[in-house]
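Protein chains in written order, with the numbering used here: chain S, 1 to 319; chain W, 320 to 638. No residue lacks a Cβ here, since even glycine has one placed at the ideal position from N, Cα and C. On a predicted model such as this, the values are computed, not experimentally measured, just so you know. Here's the structure, in structure tokens; my notes come after.
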């Protein structure tokens, strides 16, 4: 570690494991560790794991650490430092993570919802460095979103804003696990996407995807589609065009409502690359109100695999 | 006018006429005038009409006036006081209304988009007095919306936020005049609504609406539907249930994205009253994410016919 550099600890709290890293103020990871979450043992056990992990990476020269940032699932009050009912973390109800960790480590602690932490990560270290306002949309199992407005998180009344995944594109369309209908997540969330491709692919006997998955539909993942695109497979390309169109329509509604016209896209499905980004931009431009058309920007996220740790650490540098 | 009261002048700039009023700080209209807009004569002529109108109501005791507020169509920069390309006001391009009027009247001038001014009106004088955050949705020719977040207008990047009317409920649905598809406005904006009822009503020969419109479809307006509801007409009630459902679905998406769960509803169609409000609330609650369900509030706007003048004057008291 260089003497002049400042460091923050970023904690990416997940249902299966906790990723913890020491990150420089230029966004480089100096140390990194992954520990089991032990979610099934309840909040005390999980907090013990967080502490253990932080201790292992905590540098000897404590003064170089500016603070600890935590990206957590669930409803997070950044102001209070509390985490409520995180899915996949049973028994949490409401935990003041900031209080617990400030006491333990005697440093500043910042807690944010993981989607918002990822957005702050792009703002501080990534594709949002030069943007004042943008949506950071993460395409994975769900469709996560953090809203950055004038270089701050727009959290809404209770810190829950950004549920773009649960805005409808067809109010008479597909059922979503959230209980609503036609949510964009119900079309392009990984599981939904894989399900619908499994249904459709029987009509595309010549698709390269069959070969990639060894004719075994159980092996189908978004990556199979990605691999087939590399082989210029027509069906795979049509899937990506369709995802892009739906996302573009969804983003157009959000942009009209928010007057925010830049979208940074990360997560697994963003691996579809340029064909996806082009399709999104085309569909979004065709649907936003006239004054927004020339301002639409679709950008790939810059923080890839370590977005969780870096985003969490960015909470410290950003404050 | 009582000595202790403070006054503001509210200017409701429309394409056909300009409504100008002197409003007390408790939201009562002390003086009121309506002048022709003379829109076809261009911005100079319109500004001359605004000045003329203000002069007529301007009280002799100038010190009692705290300022002038203007609600204008088009893209408004509240910060700069400019109005850009207001529809129905040809030749405007960009006009700094604040500069012109501050010079003329030597008082504070505040300019806002008319949908946002209406929202501030409800915040200061109406149904939003006790709310921190809400959407003010105006149901008329279009579906207007102003977003109030933490007792301020959320204007987005360029002051254009709040275009809820152009968020989609069916991305493969009805074409909207804006160029997009499935916008909520394309279903329930007055003209669209009247059009679709004209098409459907031929299948409802027994509807009381026929009698109300003298069997002449050219006479059909939203008010005809309203009158039929008063007669307990089944078809009219089904129209309102359908409008309520679509609005509820649209508001649910907005609430999920913004984490704002109170909606105040004004404008002509809101005259459908309780059946409409109940249908909206039911549909919205069924579609928002779990943490929002118990927080959903659908309230009628309190500023009725003079919402324009009062909203504009509220810009002054609110600052």
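Whether residue i touches residue j by CB criterion (7 Å)
i, j, result
"residue 352 of chain W", "residue 339 of chain W", "yes"
"residue 429 of chain W", "residue 559 of chain W", "no"
"residue 572 of chain W", "residue 611 of chain W", "no"
"residue 269 of chain S", "residue 135 of chain S", "no"
"residue 456 of chain W", "residue 503 of chain W", "no"
"residue 446 of chain W", "residue 620 of chain W", "yes"
"residue 194 of chain S", "residue 220 of chain S", "yes"
"residue 395 of chain W", "residue 362 of chain W", "no"
"residue 536 of chain W", "residue 161 of chain S", "no"
"residue 78 of chain S", "residue 307 of chain S", "no"
"residue 272 of chain S", "residue 298 of chain S", "no"
"residue 208 of chain S", "residue 228 of chain S", "yes"
"residue 65 of chain S", "residue 107 of chain S", "yes"
"residue 393 of chain W", "residue 460 of chain W", "no"
"residue 586 of chain W", "residue 440 of chain W", "no"
Contact with chain W by residue i, beta-carbon distance below 7 Å
i, result
"residue 158 of chain S", "yes"
"residue 151 of chain S", "no"
"residue 238 of chain S", "no"
"residue 163 of chain S", "yes"
"residue 289 of chain S", "yes"
"residue 133 of chain S", "yes"
"residue 178 of chain S", "yes"
Cutoff 7 Å: residue i Cβ touching any chain S Cβ
i, result
"residue 487 of chain W", "yes"
"residue 507 of chain W", "no"
"residue 490 of chain W", "yes"
Terminal residues of the beta strand (DSSP E) in which residue i lies
i, result
"residue 328 of chain W", "326-332"
"residue 36 of chain S", "29-36"
"residue 583 of chain W", "581-585"
"residue 431 of chain W", "428-432"
"residue 396 of chain W", "394-396"
"residue 421 of chain W", "Where residue 421 of chain W is concerned, there is no enclosing beta strand (DSSP E), although the alpha helix (DSSP H) it sits in stretches over 416-424."
"residue 320 of chain S", "What is shown of chain S runs 1 to 319, which leaves residue 320 of chain S out entirely."
"residue 298 of chain S", "297-300"
Span separating the alpha-carbon of residue i from that of residue j
i, j, result
"residue 289 of chain S", "residue 382 of chain W", "43 Å"
"residue 156 of chain S", "residue 375 of chain W", "43 Å"
"residue 124 of chain S", "residue 10 of chain S", "13 Å"
"residue 168 of chain S", "residue 416 of chain W", "39 Å"
"residue 47 of chain S", "residue 177 of chain S", "29 Å"
"residue 360 of chain W", "residue 409 of chain W", "8 Å"
"residue 38 of chain S", "residue 104 of chain S", "20 Å"
"residue 283 of chain S", "residue 249 of chain S", "6 Å"
"residue 255 of chain S", "residue 61 of chain S", "46 Å"
"residue 31 of chain S", "residue 58 of chain S", "9 Å"
"residue 464 of chain W", "residue 198 of chain S", "41 Å"
"residue 72 of chain S", "residue 582 of chain W", "30 Å"
"residue 13 of chain S", "residue 303 of chain S", "17 Å"
"residue 15 of chain S", "residue 86 of chain S", "9 Å"
"residue 519 of chain W", "residue 237 of chain S", "41 Å"
"residue 387 of chain W", "residue 26 of chain S", "49 Å"
"residue 24 of chain S", "residue 407 of chain W", "55 Å"
"residue 196 of chain S", "residue 532 of chain W", "49 Å"
"residue 477 of chain W", "residue 615 of chain W", "28 Å"
"residue 175 of chain S", "residue 434 of chain W", "33 Å"
"residue 584 of chain W", "residue 599 of chain W", "10 Å"
Heavy atom of the ligand ATP within 6 Å of residue i beta-carbon
i, result
"residue 588 of chain W", "In the structure shown, the ligand ATP is absent, as is every other ligand, since no ligand is present at all."
Residue span of the alpha helix (DSSP H) that contains residue i, given as start and end
i, result
"residue 399 of chain S", "Chain S is shown only over 1 to 319; residue 399 of chain S falls outside these bounds and no answer can be derived."
"residue 315 of chain S", "307-318"
"residue 211 of chain S", "208-212"
"residue 183 of chain S", "No alpha helix (DSSP H) contains residue 183 of chain S, which DSSP labels as neither H nor E."
"residue 195 of chain S", "190-200"
Residue i: contacting residues in chain B (beta-carbon distance under 8 Å)
i, result
"residue 580 of chain W", "In the structure shown, chain B does not exist; the protein chains are S and W."
Item checked: Contact residues within the segment 45-76 of chain S, judged by C-beta distance below 9 Å to chain W -> Within the segment 45-76 of chain S, contact with chain W at the beta-carbon level (separation under 9 Å) is assigned to 75.
Margin query: Counting only Cβ-Cβ distances shorter than 8 Å, please list the residues of the segment 4-38 of chain S near chain W, keeping chain order.
Written below: With the criterion set as a beta carbon lying under 8 Å from some beta carbon of chain W, the segment 4-38 of chain S has no members that meet it.
Checklist line | Members of the segment 567-578 of chain W that neighbour chain S once the beta carbon cut-off is set at 7 Å | finding: Listed in sequence order: 568, 571, 572, 573, 575, 576, 577, 578.
Check: Taking a cut of 7 Å between CB atoms, which residues from the segment 583-604 of chain W lie near chain S?
Finding: Cβ contacts with chain S come from no residue of the segment 583-604 of chain W.
Next item on the list: Anything in the segment 457-468 of chain W with a Cβ closer than 7 Å to a Cβ of chain S? List those residues in chain order, please.
Entry: Listed by position, the residues of the segment 457-468 of chain W near chain S (Cβ gap below 7 Å) amount to none.
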